[in-house]
């Protein structure tokens, strides 16, 4: 048994364990211990990967393995990782543990809930380790169904509408992706789904153009790219806390990863020619998303719109095609994944107690619940790009990378993106001022208890993640440096440098 | 790593450690222990800073009679590209060492003072944690080797200021002030960030000293490229530097970005003394000083703009200070005005030994101002502590009940008014002399402002300590302890004597010792203006009388404008509330819900439903209609075939 398959085997075992468990308590502990084992496994694989690299392994992706699934159609379950997929896996493992911890008090259909969470995490792991486009697509699709159920069954508010909207929009995205990968399969002449093989092919530019637009847009829907972002605010606001964390933390990153690894990496010529389209959509998403966020009163809507704005940095970094920008995009994916999970977790903790998420109906949370209030402030400060937290290093890397592109168009896009840091500060501080600082407005709130042990552990875990990247970005860069270099080496001709 | 380098490193690390300890475990420690941890770490850094400063100025920094820069530590933290990386490190050069002294001394005084001032306050340990965080960030800022390192600590300084202004976080006015401070400076930092991007792109470096070298050497290709493009009559380099200065103007509260500072007085008074008087607000001056060679050699046009902004702000803020009635606000506007002095001091300076006295004067004023302004704030804190009010109308005749506060406050007032012999006299003189030599207009503005300064400071002094006692406060005695008095006394010694330091032999633009020129004849005008200001203040405020009110009503329009801070806040409020929120934010949110989501997404969903409704009747289940469709289809095909093959 090879080591990467373990990443899929553990969630399956955990999910099966959940199915056979009788008591809710056993279900919770099984889910938690399974996900913690998974986190350590991810750390272990990363350590092993680093040791291989240090030993001089130069292959583009390591730890390769391949199993036949449906040979006549060239569908193999092939897995391999590089630094980029590893950081995504680490981030996923962290968010899963935290998500399970904050869902500790879920009372309804516990078994089904945790089963779906595990299934969702399984599909994310599968997506990040696959090198076969078909299997990748399979996992991408697999991730949609649990989201639909999680929102539809455990959600709140207009959950039916939101769940349906989310599922349909994501399905629309994956339809585009599917046409795109079919195109890669047939028109490249390679008749293979393996993206490392396809990368070696010379694909005619006419084909590339069509496929690039299809694939980038398709994956872009998952990243809530403007104008396909509207599933995010509704979906997030209706989803239960853990599902919001997964949606914003993990699912949106499936899209970003796909934009980078499939659309941009495999179709470099089209990317050079057409990435300006996505620079425009990303700039709009960043600044317009930020302004739209400013007007939100519901904390979850606020964070959802803010995610649209922040994921704009991911798209912008990928579309700018310089090494620093792409590195920044990868960092931003991980950083936003953890940060937004913490944000949703703390909003969820407040909502569980107050049963409202309207900023102006809250107030005095810091005084009443110092821990939860502080967690909210920390995620807010990370969101507005405070140095020391992960948001700063990733945003700055995107900015510096984007500035490498000369020309008025790129400069304007970069300046717009930079300008969003001011708007971000406005909405974050407004939320902190209304909901967290101030005095308790409602007598009911005086009865609130601060975070439980599980909520505390979740917040501490995610804060650690934010801090590690924010304080020691060199570790992160070290892990992905070679991979971003090899990706951007495909664009050197146009971008220069 | 020698002992100096190690000490320099410890200076930065100790406050960080104390922040960590107090932040993580503070709620388990008693107030006493938390306070002691904070004070011990800061007093230690102050001692280390004195040690490093002595070493730098007299020993290892002095190479052949010139103060050379010394990199004590440097490592790569975040690599962007082959050339661009954020390096963290410690540079010791005249201005950074001078700043280390100022920050650690004032900060340790404020730490000690707070033991008394904040006694019994809720969240005492959190207060000390934030103070330590601030000290750490400010120290990291001044020792930055890399422009991005400075930006990092710049932001950290901003957030610790935010947290401290909002320390009384249940008070709406404190929340608003904290938000305002952060957002205004954030807006300014946007300029700083874009300036950094421009500088780094054009010099292929983020390292301060590489940037300076590449932009000042004659014939440098980087310089030639950078100045080749111009926009509105100024080179790209000048624009980049002005953008960087925008960040500095935000932190240093230059017009029109000054609006956050008076509101920042919502924070505890010792915080105002440390952050909003002595240290953080001079960060902008420090930034310009750090890049001074580039300004002076390659972008004198940008430097001139700074000089004019500085001169205008100095006068503008002094005018407002004359009419404010909240004593902390008077001090806040006075701070703005004094920092503006430093700013135009830099602005009027040029490169070369004979032109750069403005630079040294500005740094000198920064140094002396830290002492007397911190002292003024701490004194004001003691007054507020005694009368429980910020308003002048609740004060009067306090010289008997608060003797130590009275004497130290008087020393500080004399120093800031530029009375000969006290510290402010020497430094202000140097700036005015520099201005007189290069930009007479600015000199006259500065001269007039110095008269105003003396007037409003002594208005404050006479109003608090003389005037008619307010009955309910006549029995207040100096209830505060040694913890509050000792810092007052130490700072008063500094405020009185700091001017006698031969500052030019330590700090100069090029590291060579210089003599600050001193002409007795030149001093006559500023001193006379100062004394006239004091005299008018004495006549109007030493005793209760109705002259001030009469004067106020005779110049009513002007008085009101000044009292209302020339309505700058209202203009901002209009722009943010009316324009940004109502004309940008609201339409964006509306557009998203109605057009993107409503028309585009829900619209396509509804279109799908409508289409399916429309074609649903075809699936009626009736055999007859299916037969009809079938026959119709056959006929159509037949018709097509016939047309095709006929």
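Residue numbers (the working numbering), protein chains in the order written: chain V, -19 to 477; chain C, 50 to 695.
The beta-carbon is built from N, C-alpha and C at its ideal position, and this holds for glycine as well.
Since the structure is predicted, the reported quantities are computational estimates derived from the model, not experimental observations.
In three-state DSSP terms, what is residue i?
i, result
"residue 119 of chain C", "strand"
"residue 283 of chain C", "strand"
"residue 561 of chain C", "strand"
"residue 138 of chain C", "strand"
"residue 216 of chain C", "coil"
"residue 124 of chain C", "strand"
"residue -7 of chain V", "helix"
"residue 9 of chain V", "helix"
"residue 192 of chain C", "coil"
"residue 44 of chain V", "strand"
"residue -16 of chain V", "coil"
"residue 112 of chain C", "strand"
"residue 134 of chain V", "helix"
"residue 668 of chain C", "coil"
"residue 475 of chain V", "The pLDDT assigned to residue 475 of chain V is 46, lower than 50, so where the model puts this residue is not dependable; a value taken from the coordinates is nonetheless given after this. If DSSP states are grouped into helix, strand and coil, residue 475 of chain V belongs with the helices."
"residue 49 of chain V", "strand"
"residue 534 of chain C", "helix"
Tell me whether the beta-carbon of residue i lies closer than 8 Å to the beta-carbon of residue j.
i, j, result
"residue 314 of chain V", "residue 67 of chain V", "yes"
"residue 498 of chain C", "residue 367 of chain C", "yes"
"residue 306 of chain V", "residue 467 of chain V", "yes"
"residue 420 of chain V", "residue 348 of chain V", "yes"
"residue 61 of chain C", "residue 207 of chain C", "no"
"residue 460 of chain C", "residue 544 of chain C", "yes"
"residue 221 of chain V", "residue 328 of chain V", "yes"
"residue 179 of chain C", "residue 319 of chain C", "no"
"residue 194 of chain C", "residue 138 of chain C", "yes"
"residue 233 of chain C", "residue 164 of chain C", "no"
"residue 321 of chain V", "residue 442 of chain V", "yes"
"residue 399 of chain C", "residue 405 of chain C", "yes"
How far does the alpha helix (DSSP H) with residue i in it extend, from its first residue to its last?
i, result
"residue 92 of chain C", "80 to 104"
"residue 309 of chain C", "309 to 312"
"residue 362 of chain V", "350 to 363"
"residue 264 of chain C", "257 to 265"
"residue 434 of chain C", "406 to 436"
"residue 639 of chain C", "635 to 639"
Cα separation between residue i and residue j?
i, j, result
"residue 100 of chain C", "residue 254 of chain C", "32 Å"
"residue 98 of chain V", "residue 18 of chain V", "11 Å"
"residue 395 of chain V", "residue 638 of chain C", "22 Å"
"residue 449 of chain V", "residue 465 of chain V", "20 Å"
"residue 507 of chain V", "residue 94 of chain V", "Here chain V has residues from -19 to 477 only, and residue 507 of chain V is not among them."
"residue 41 of chain C", "residue -16 of chain V", "No statement about residue 41 of chain C is possible, as the shown extent of chain C runs from 50 to 695 and does not include it."
"residue 144 of chain V", "residue 125 of chain C", "49 Å"
"residue 258 of chain C", "residue 440 of chain V", "40 Å"
"residue 691 of chain C", "residue 680 of chain C", "16 Å"
"residue 58 of chain V", "residue 79 of chain V", "28 Å"
"residue 112 of chain C", "residue 561 of chain C", "10 Å"
"residue 55 of chain V", "residue 114 of chain V", "7 Å"
"residue 157 of chain V", "residue 212 of chain V", "19 Å"
Just curious, the beta strand (DSSP E) that residue i is in, first and last residue?
i, result
"residue 60 of chain V", "55 to 61"
"residue 440 of chain C", "Where residue 440 of chain C is concerned, there is no enclosing beta strand (DSSP E), given that its DSSP letter is neither H nor E."
Taking 7 Å as the cut-off, is the beta-carbon of residue i closer than that to any non-hydrogen atom of the ligand COA?
i, result
"residue 313 of chain V", "Among the ligands in the structure shown, none appear at all, so the ligand COA cannot be discussed."
Fill in: Chain-ordered residues of the stretch 438 to 457 of chain V with a beta carbon less than 8 Å from chain C
453, 454, 457
Discussion item. At a CB distance below 9 Å, what residues from the stretch 201 to 225 of chain V approach chain C? Give them in sequence order.
Written reply: 206, 207, 208, 209, 210, 211, 213, 214
Worksheet item: Any residues in the stretch 345 to 356 of chain V with a beta carbon nearer than 7 Å to a beta carbon of chain C? Which ones, in chain order?
Response: 346, 347
Fill in: Contacting positions in the stretch 381 to 410 of chain V - beta carbon closer than 8 Å to chain C
381, 383, 384, 394, 395, 398, 399, 401, 402, 405, 406, 409, 410
Discussion item. So if I threshold CB-CB distances at 9 Å, which residues from the stretch 136 to 155 of chain C count as touching chain V?
Written reply: none
Practice prompt. Could you please tell me which residues of the stretch 103 to 131 of chain C, in chain order, have their CB closer than 8 Å to any CB of chain V?
Written response: 125, 126, 127, 128, 129, 130
Discussion item. To be precise: take each residue of the stretch 634 to 649 of chain C, compare its Cβ to all Cβ atoms of chain V, and keep it if any distance is under 7 Å. Which residues remain?
Written reply: 634, 635, 637, 638, 641, 645, 646, 649
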